[in-house]
Every structure is written in structure tokens, then in C-alpha cells.
Amino acid sequence: MLALPLSGCGVEGAPSFIFFGAYFPAWLILVAFAICAAIIFRAVFVATRLSAVLPFQLFVCSALGATCALVAWSAWFGK
């Protein structure tokens, strides 16, 4: 009973994608998605001149990128 929480993804296996015959974990793909989303948010902030008044831009863009990745994870793998 104590080992039950440690099973993780043991029943169904970890979510993964097949690229060129190799399995890549889904979180690795979503990390790349989060980085791209953060770069897009940064470009939007610069284009709208919001970057001049926005403090802690690295943290804001990172948080928005992580939020996009979590929403994508919930949309693709949520039940």
C-alpha cells in the first residue's frame, strides 16, 4: 500500500511521441513549446512597447511560456 503512490506512469506508460523511430517523452516536446511561446510573448511585448514598463520580463515571459505548455499538456493528455 505504501508503494502505490510511487507507481507513477507504470500502468499505461509515460506519454511519448515517436520521431524517426525513437520515443521522445512528451514533456521534452512541451518544453520546446514553452520556450517558443516565451519568445513569442517577448516579441509581442517589444512590438507593443510594453517591455518598457513591464518589470521582471524574464520571469513574466517564462511564466507565460510555462502556462502555455501546461495548457497544451492538459489539452492533449488530459482526461
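The numbering of the sequence shown is the working numbering, which starts it at 494 and goes up by one.
The C-beta atom is built at its ideal place from N, Cα and C for all residues, glycine as well.
Since the structure is predicted, the reported quantities are computational estimates derived from the model, not experimental observations.
Beta-carbon separation (whole angstroms), residue i vs residue j, contact threshold 8 Å
i       : j       : result
Phe-534 : Leu-557 : 5 Å
Selection from the options that minimises the alpha carbon distance to residue i
i       : options                               : result
Ser-567 : Phe-512, Ile-511, Ala-545 and Ala-519 : Ala-519
Paired residues, beta bridge with residue i - DSSP
i       : result
Pro-508 : Paired residue(s): none; Pro-508 is not in a bridge.
Phe-538 : BP columns for Phe-538 are empty, so no partner.
First through last residue of the alpha helix (DSSP H) which encompasses residue i
i       : result
Ala-598 : What the structure shows of the chain is the stretch from 494 to 572, and residue 598 is not part of that stretch, so it cannot be assessed.
Residue i CB to nearest heavy atom of the ligand MN below 6 Å
i       : result
Ala-515 : In terms of ligand content, the structure shown is empty, and the ligand MN therefore cannot be addressed.
Where the beta strand (DSSP E) containing residue i begins and where it ends
i       : result
Phe-513 : Counting along the chain, Phe-513 falls outside any beta strand (DSSP E), and DSSP gives it neither H nor E.
- Decide yes or no for the touch test of the stretch 560–567 against the stretch 525–535: beta carbon pairs closer than 8 Å, at least 3 of them. yes
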